[in-house]
Amino acid sequence: MKYQGLFEPITIGKLEIKNRYAMAPMGPLGLGDCEGGWNERGIEYYTRRAKGGIGLIITGVTFSDTEVEKPSFPNTPNSTYNPVQFVRTSREMTERVHAYGSKIFLQMSGGFGRVTIPTNLGEFPPVSASPIPHRWLDKTCRPLTKEEIRGIVESFGKGAYNAKRAGFDGVEIHAVHEGYLIDQFAISFFNQRTDEYGGSLENRLRFAKEIREEIAKTCGWDFPVAMRFSLKSMVKDFREGALPGEEFEEKGRDIEEGIEAAKLLEKYGYDALDVDAGTYDAWWWNHPPMYMEKAPYKEFAKITKEHVNIPVIMAGRVDNPDTAIDCLNNDICDMISLGRPTLADPDIVNKIRRNELSQIRPCISCQEGCMGRIQTYSLINCAVNPQCGKEKLNAFNPICKKKKVLVVGGGVAGCEAARVLAERGHEPVLFEATGRLGGNLIPGGAPAFKEDDIALAKWYEDEMTRLGVEVHLNTKATEKEILDKQYDAVILATGSRPKMFSLGDDDKVYSAEQVLLGEKDPGNNVVVVGGGLVGCELALDLAQKGKNCTIVEALDKLMAVNGPICSANKEMLEKLIPFNGIDVVTSAKVTEYKDGVLKAAVADGTKEIKADSVVLCVGYASENTLYNQYKNDVDEIYLLGDARHVSNIMYGIWDAFEVANNI
1 MKYQGLFEPI
11 TIGKLEIKNR
21 YAMAPMGPLG
31 LGDCEGGWNE
41 RGIEYYTRRA
51 KGGIGLIITG
61 VTFSDTEVEK
71 PSFPNTPNST
81 YNPVQFVRTS
91 REMTERVHAY
101 GSKIFLQMSG
111 GFGRVTIPTN
121 LGEFPPVSAS
131 PIPHRWLDKT
141 CRPLTKEEIR
151 GIVESFGKGA
161 YNAKRAGFDG
171 VEIHAVHEGY
181 LIDQFAISFF
191 NQRTDEYGGS
201 LENRLRFAKE
211 IREEIAKTCG
221 WDFPVAMRFS
231 LKSMVKDFRE
241 GALPGEEFEE
251 KGRDIEEGIE
261 AAKLLEKYGY
271 DALDVDAGTY
281 DAWWWNHPPM
291 YMEKAPYKEF
301 AKITKEHVNI
311 PVIMAGRVDN
321 PDTAIDCLNN
331 DICDMISLGR
341 PTLADPDIVN
351 KIRRNELSQI
361 RPCISCQEGC
371 MGRIQTYSLI
381 NCAVNPQCGK
391 EKLNAFNPIC
401 KKKKVLVVGG
411 GVAGCEAARV
421 LAERGHEPVL
431 FEATGRLGGN
441 LIPGGAPAFK
451 EDDIALAKWY
461 EDEMTRLGVE
471 VHLNTKATEK
481 EILDKQYDAV
491 ILATGSRPKM
501 FSLGDDDKVY
511 SAEQVLLGEK
521 DPGNNVVVVG
531 GGLVGCELAL
541 DLAQKGKNCT
551 IVEALDKLMA
561 VNGPICSANK
571 EMLEKLIPFN
581 GIDVVTSAKV
591 TEYKDGVLKA
601 AVADGTKEIK
611 ADSVVLCVGY
621 ASENTLYNQY
631 KNDVDEIYLL
641 GDARHVSNIM
651 YGIWDAFEVA
661 NNI
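Residue 1 is where the sequence shown starts when you use the UniProt record's numbering, and the numbers rise one by one after that.
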């Protein structure tokens, strides 16, 4: 087996795990019931990942404390609130997970403190180690009393005991990591206490130490306890994080102190360290977007492993098994933790074991279905996998009668529709006007940091071949095909076209697609009109290629519409714009482009910007001509993707799945 080392067993404490893959903890919002247990979605969600071959599942964050942060996370399990319900529903889940040979840890949180999501805070004042600023709100946190600390510690013991009763194989503590409450005690920048929980590193880690000891009291020292651990904080100041490659003064935990903290955590009895870097002030580190390199924690995991004798788990975009095996072989870590890749494809581990890499549906690190929806809708899903978090609800529907279905358009909506139809046993026939499947994934994936968009397009190509879908490239569907009675249904996913308008010298006014595909040379001085996601990513790509870029945006800030965008992605991109020398002009309306000068109306008059070219990134218009022409002539006809409503990759895929799964 090519990746044999990834499938060797490993022990955490005295617990043997069948392979070196863990499922990274991702917030289980929407997977709990209102009584403190798991709902059917949650049980199906984790069981499906166990079936896919994961050695160790670490659940998303759950709670044991019911007093200090009463609003907690909505619709997530709590291991002490209602022990009977928690144990009953957890036992159902752990028994099913164990049936596949997987182990499962319950991740337990000490609380959010200054990083509580505002919608979950309610009227309660935020808490922390000290009176420090809240991460999101203009509020000052209330310091925890020693009695409250003790209460939280005791709740960990009770919660872990209930987890053990419920069949969990261990727990992971959340965390001396990411700037959550226990981390706020551990970091001197956040902790200004003068009692035994402040001052020296040992005092600041006392909270974590007492938690480990309390769990040993209730569960015994043989019950495995891992710690989620950020070696370095990447904090420049309150609400100010550092970018990769940026020189800065660390205000949080630096590497030297991180090493000492790791040694102490091992001394206190923690059985494994689940390593990353960052805090909420530098959130893109803990939840790396596509703008972050793959496997960004390698340096931090290796340093940690060099100084402890317990297993080191490493997450962070390690979806490539070649990278994963290199990390094991070079003593960077002992286990690989996959979060988002297991959402995109729950079978990723089994596919790696079988060396079926081309069949792995790639995560594109957009974070729209996972972190974006957690933040906005308190529900975890996946942009490229409509079945994630809805495993039973969105199971493939059996068919009673095979249908032949015409699919017009080979973008994500058309490809997803054809894939689902074929999986269910229908016969899709796909027509694509260009020479390649993928639609907007192709220009969108042109920047180096968007490589996974191209990988998704390639995956759809491979799926069409695997499923035997008849595909006609460089072929426009016409009235002949659409009205052909051999087709029982017609799906039109004809996409969209970029909005363009005249500025004067239009020979040098291009669309983003023309520039990204290399059809037009924008020159060295480029003005990008439109500061949405497309415009900002285009400007970043051009700047990284050495171009001088200016973004002109009509609104008063960048990326103000078409949300929700995950905060990690949006905030990192906002920081990368000035970091890469890109000028930004907001509240400006472009009026004319002539003789190499773009004019824009601003509040105090007219601004002139020298430009070799102007690239318009002002949105897209639906291409629905065929649908409007034939919608009353076909008995079963559907309009999907941008042709129906200009949106993003996620909704194009989701809508296509919904329709194709019900034909």
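Positions of the beta carbon are idealized from the N, C-alpha and C atoms, including for glycine. Please read these numbers as outputs of a predicted model, since none were measured by experiment.
Item, Value
"Excluding sequence positions up to five away, which residues of its chain have a Cβ less than 7 Å from the Cβ of E148?", "V68"
"Do M335 and R49 have their C-beta atoms within less than 8 Å of each other?", "no"
"Distance, Cα to Cα, I442 vs G241?", "32 Å"
"Throw me the rounded Cβ distance for the I57 and S102 pair, which I believe falls under 8 Å.", "6 Å"
"Anyone know if the C-beta pair for G32 and N82 falls short of 8 Å?", "no"
"Exposed or buried, which one is F63 when buried takes at least 16 other CB atoms within 10 Å?", "buried"
"Look up G439 in the DSSP assignment and say whether it is helix, strand or coil.", "coil"
"Ignoring anything shorter than 4 residues, give me the alpha helix (DSSP H) runs that lie fully in the segment 502 to 549, in order along the chain.", "512 to 516 and 533 to 544"
"For a test of the three-state rule: what should DSSP assign to E356, helix, strand or coil?", "coil"
"Between the C-alpha atoms of L265 and V225, what's the straight-line distance to the nearest angstrom?", "11 Å"
"Report yes if the C-beta distance between N329 and K294 is below 8 Å; otherwise report no.", "no"
"Between the segment 443 to 459 and the segment 528 to 544, can you find at least three pairs of beta-carbon atoms closer than 8 Å?", "yes"
"Can you check DSSP and say which residues form a bridge with T606?", "A601"
"Near V308, what residues of its chain come up, given a Cβ to Cβ distance below 7 Å and the 5 sequence neighbours on each side ignored?", "A262, K263, E266 and L273"
"Going by the beta-carbon positions, is the gap between A554 and A656 smaller than 8 Å?", "no"
"Does the beta carbon of L243 come closer than 8 Å to any beta carbon on chain B?", "Any reference to chain B falls outside this structure, which holds one protein chain only."
"Suppose the cutoff is 6 Å on Cβ atoms and the five residues either side in sequence are ignored; what does the same chain contact list for K298 look like?", "I332"
"Pick out whichever of V312, N78 and L406 has its Cα sitting closest to the Cα of T11.", "V312"
"Only counting the same chain, and skipping five residues up and downstream in sequence, which positions put a Cβ closer than 6 Å to that of K499?", "V618, G619 and A621"
"Leaving aside the five residues before and after K485 along the sequence, list all residues of the same chain whose C-beta is less than 8 Å from its C-beta, in chain order.", "none"
"Between L406 and A418, is the Cβ-Cβ spacing less than 8 Å?", "no"
"Under a three-way DSSP split, which group does I149 fall into?", "helix"
"Helix, strand or coil: how does DSSP classify D237 here?", "strand"
"Tell me which same chain residues have a C-beta within less than 6 Å of the C-beta of H472, skipping the five on either side of it?", "F431"
"Using the Cβ count rule (16 or more neighbours within 10 Å means buried), how would you classify M1?", "exposed"
"When burial is assigned at 16 or more other CB atoms within 10 Å of the CB, is K508 buried or exposed?", "buried"
"Grab the span of the beta strand (DSSP E) containing P125 for me, first residue to last.", "First-last for P125: undefined, no H or E at that position."
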